[in-house]
Amino acid sequence: MKRSFSLPDRVLLAAGLGLVAATYGLVRLAYGLFLPDVQHDLGFGADVGGAVSSGASVVYCVGAVGGSVLAARAARWLVVAATVTAGVGALVMASSPTTAVFGTAAVGASAGAGLASPAMVQLVTDRIPADRRGRAQAVVNSGTGPGLVAAGVLALVLLPDWRTAWAVAGALTLAVGAVLFLAAGRPERGGTPALPGRSWFVAQTVPVVVALLFGAGSAVVWTYGRSTLVDAGVPTTATVVAWIALGVGGSTVAATARWTSAMAPRRQWVLTTTVAAGAVLALGLLPGSVEVTLASCALFGWGYTAATGALIAWTAAIDPEQVAAGTSVLFVVLVAGQAVGAAVAGVLVGTVGTTTTFVAAGVLVAVSSGLSLHTGDLRTAVATR
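If you're matching positions, the sequence shown starts at 234 in my numbering and goes up one per residue.
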């Protein structure tokens, strides 16, 4: 039976969840929430919106790669870099006078989430006992959900004043990052793990492929989810509540972490991505039904967030000593898929319409789930490095 977390562990996990909530939910993924209002004020179309989302994904990847290299040596200072990048970026977005300034700030702010993930994986690995580490990683990773809820509440209270919403998001990000830096104040672990060898990268092949497909398919929800509801005639308040439902679904991952972390990684992946695929299809086929939309958003929020947790469990099963590096690799690939998916979706929405675009995206997510059914046992560890 797994023991409960100690008080210092709980503080660290709460602060880490807060950083993930801020950098992902309040800054990176909230872009799609505020996009219709930003487009209205600054005057740019779906193609530009997709290009900014794609660029943000690329910069996220750069941050995650850099973070994976530095995490073992300076995880606390990566927290600082993630906090400043996302927080200041959001503040610049709030004060942007032109599309160019806003787009540049949105792209740059996305690096904060890329830096935050390897930093938190490393902090948990260093400070949480092994028998509680899997659940701890799932809890911290679930921070995306509360961040989305917070962004949705800001939208309900402040929209169409998106500038004030981004300003509040930036200030909250800076505050929670400072708390985490203090909570992670114990000295870093001595030494660094050896660099992974060729066999390690070979063992990551299947999770890399399915993460890429899942990222490409999921991008349509994060970039055009609310825009699709607005275009379908859903009342503005209901579209924001739907975004909050995304966050509520993601938030429940912390409650289900004990259950999902007991599963084999492949089973986690199949379950969570199947739920996400069904939600994407429902959003594309019935965007005008408020009831279906709310349920689909909640299911997608849970499926997406839990699927990213499954990727952490997957790479940890391959090699527990390289979990920070493995997480960075898989998250980089997932977001690279989102970069491609957002750009392609931006073109498809304007040519074949939102329904076809969402259906294609849902099929792609389903393919990412189905491929993992034919990959054999995921418990294989890397014997040599």
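Every residue gets a Cβ at the ideal spot worked out from N, C-alpha and C, and that includes glycine.
Remember, it's a predicted structure, so these values are computed and weren't measured experimentally.
message = At the level of alpha carbons, what is the spacing between T505 and V582?
response = Taking the first residue of the sequence shown as position 1, residue 505 is located at position 272. Taking the first residue of the sequence shown as position 1, residue 582 is located at position 349. Taking C-alpha positions only, T505 is separated from V582 by approximately 26 Å.
key: Sufficient close CB pairs (3 or more, under 8 Å) joining the segment 444-456 to the segment 565-581   = Yes: at least three Cβ pairs fall under 8 Å.
inquiry  = Suppose contacts are defined by Cβ-Cβ distances below 9 Å. Is L348 in contact with T318 by that definition?
reply    = For the purposes of this step, residue 348 is taken as the residue at position 115 of the sequence shown. For the purposes of this step, residue 318 is taken as the residue at position 85 of the sequence shown. Between L348 and T318, the gap from beta carbon to beta carbon is short of 9 Å.
ask   = What is the rounded straight-line gap between the Cα of G542 and the Cα of V598?
value = Taking the first residue of the sequence shown as 1, we reach residue 542 at position 309. Taking the first residue of the sequence shown as 1, we reach residue 598 at position 365. One C-alpha to the other measures close to 16 Å.
ask   = When DSSP labels each residue in this structure, what does P420 get in the three-state scheme?
value = Your numbering for residue 420 matches position 187 in the sequence shown. Its pLDDT being 49, under 50, P420 is placed unreliably by the model, and nothing is read from it.
query = V463 and P269 look like a contact to me (Cβ under 8 Å); what is the Cβ gap, rounded to whole Å?
reply = Within the sequence shown, the letter at position 230 stands for residue 463. Within the sequence shown, the letter at position 36 stands for residue 269. That belief holds up - the Cβ atoms of V463 and P269 are roughly 5 Å apart, short of 8 Å.
request  = Kindly indicate which three-state DSSP category P241 falls into: helix, strand or coil?
outcome  = Here residue 241 is taken as the residue at index 8 of the sequence shown, counted from 1. The three-state reading of DSSP puts P241 in helix, counting H, G and I together.
inquiry  = Excluding the 5 residues flanking Q370 on each side, which residues of the same chain have their C-beta closer than 6 Å to its C-beta?
reply    = On the sequence shown, position 137 is the one that residue 370 refers to. Excluding positions up to five away in sequence, the list reads V357 and I545.
ask   = Mind checking L252: buried by the 16 CB within 10 Å criterion, or exposed?
value = Here the question's residue 252 lines up with position 19 in the sequence shown. L252 comes out buried.
ask   = Quick one: what's got a C-beta closer than 7 Å to V271's C-beta in the same chain, skipping five residues either side?
value = In the sequence shown, residue 271 corresponds to position 38, counting from 1. Cβ neighbours of V271 within its own chain (closer than 7 Å, five residues either side excluded): F335 and W395.
task = Determine contact between the segment 248-268 and the segment 549-559, defined as no fewer than three beta-carbon pairs at a distance below 8 Å.
result = Touching, no, given that fewer than three Cβ pairs across the two stretches are closer than 8 Å.
key: Option in R261, H273, S290 and R360 with minimal Cα separation from T316   = Residue mapping note: residue 316 aligns to position 83 of the sequence shown, counting from 1. Looking at the Cα atoms, R261 is the closest of the given residues.
message = For G322, report the span of its alpha helix (DSSP H) as first-last.
response = Looking up residue 322 in the sequence shown gives position 89. Its alpha helix (DSSP H) spans residues A279 to A327.
ask   = Nearest-angstrom Cα distance between V302 and A346?
value = Taking the first residue of the sequence shown as 1, we reach residue 302 at position 69. Taking the first residue of the sequence shown as 1, we reach residue 346 at position 113. Between V302 and A346, the alpha-carbon positions lie close to 15 Å from each other.
inquiry  = So, for T489: in the same chain, excluding its five sequence neighbours on each side, which residues have a beta-carbon less than 8 Å away from its beta-carbon?
reply    = For this step, residue 489 is matched to residue 256 along the sequence shown. When the five nearest sequence neighbours on each side are left out, the beta carbons in the same chain lying within less than 8 Å of the beta carbon of T489 are those of W535 and A539, in order along the chain.
query = My guess is that P379 and A254 are in contact by the Cβ rule of under 8 Å, so how many angstroms apart are they, rounded?
reply = On the sequence shown, residue 379 is found 146 positions in, with the first residue counted as 1. On the sequence shown, residue 254 is found 21 positions in, with the first residue counted as 1. Confirmed, about 5 Å.
query = To which residues of the same chain is A383 closer than 7 Å at the C-beta, ignoring the five residues directly before and after it?
reply = Within the sequence shown, numbered from 1, the residue matching residue 383 stands at position 150. The beta carbon of A383 sits closer than 7 Å to those of A254, G258 and L259, all from its chain and outside the five residues before and after it, given in chain order.
query = Since V467 contacts T526 with CB under 8 Å, what's their CB separation in whole angstroms?
reply = The count along the sequence shown starts at 1 and reaches residue 467 at position 234. The count along the sequence shown starts at 1 and reaches residue 526 at position 293. A Cβ-Cβ separation of about 7 Å places V467 in contact with T526 under the 8 Å criterion.
task = To the nearest angstrom, report how far apart L381 and G282 are at their CA atoms.
result = Start at 1 with the first residue of the sequence shown, and residue 381 comes out as number 148. Start at 1 with the first residue of the sequence shown, and residue 282 comes out as number 49. Note on geometry: alpha-carbon atoms of L381 and G282 lie some 19 Å from one another.
request  = Report the option in R491, V312, D280 and D359 whose CA atom is closest to the CA atom of A297.
outcome  = Locating residue 297 in the sequence shown gives position 64, counting from the first residue. It is V312 whose Cα lies nearest to the Cα of A297.
message = Using 8 Å for Cβ pairs, my map puts V441 next to G574. What's the rounded Cβ distance?
response = One-based indexing of the sequence shown puts residue 441 at position 208. One-based indexing of the sequence shown puts residue 574 at position 341. The pair is not a contact, with the Cβ atoms about 16 Å apart (cut-off 8 Å).
Boundaries (first-last residue) of the alpha helix (DSSP H) holding T358 = Counting from one through the sequence shown, the residue named residue 358 turns up at place 125. Following the DSSP letters along the chain, one finds T358 inside the alpha helix (DSSP H) bounded by residues A344 to R360.
query = Within this structure, are the beta carbons of G322 and G300 separated by less than 9 Å?
reply = Here residue 322 corresponds to residue number 89 of the sequence shown, with the count starting at 1. Here residue 300 corresponds to residue number 67 of the sequence shown, with the count starting at 1. Their beta carbons are not under 9 Å apart, which means G322 does not touch G300 by this criterion.
request  = Drop a sphere of 10 angstroms on the beta-carbon of R306, count the other beta-carbons inside from all chains shown, and report buried for 16 or more, exposed for fewer.
outcome  = To locate residue 306, count along the sequence shown from 1; it is residue 73. Looking at its Cβ environment, which holds fewer than 16 other Cβ atoms inside 10 Å, R306 is exposed.
Reference R499; option with closest CA among V373, A549, V390 and T470 = As a working note, residue 499 is residue 266 in the sequence shown. For R499, the nearest C-alpha among the options comes from A549.
query = Who are the near neighbours of G517 in its chain, counting only those whose CB is closer than 6 Å to its CB and skipping five residues on each side?
reply = Taking the first residue of the sequence shown as position 1, residue 517 is located at position 284. Annotation for G517: T588, F591 and V592 place their beta carbon closer than 6 Å to its own, counting only its chain and skipping 5 residues before and after.
request  = Would you mind working out which of Q355, A510, L413 and D364 sits nearest T256, comparing C-alpha positions?
outcome  = Indexing the sequence shown from 1 puts residue 256 at position 23. Taking only the C-alpha atoms, the option nearest T256 is L413.
task = Have a look at T472, W502, C530 and A308 and flag the residue whose alpha-carbon is nearest the alpha-carbon of G418.
result = Here the question's residue 418 lines up with position 185 in the sequence shown. Taking only the C-alpha atoms, the option nearest G418 is A308.
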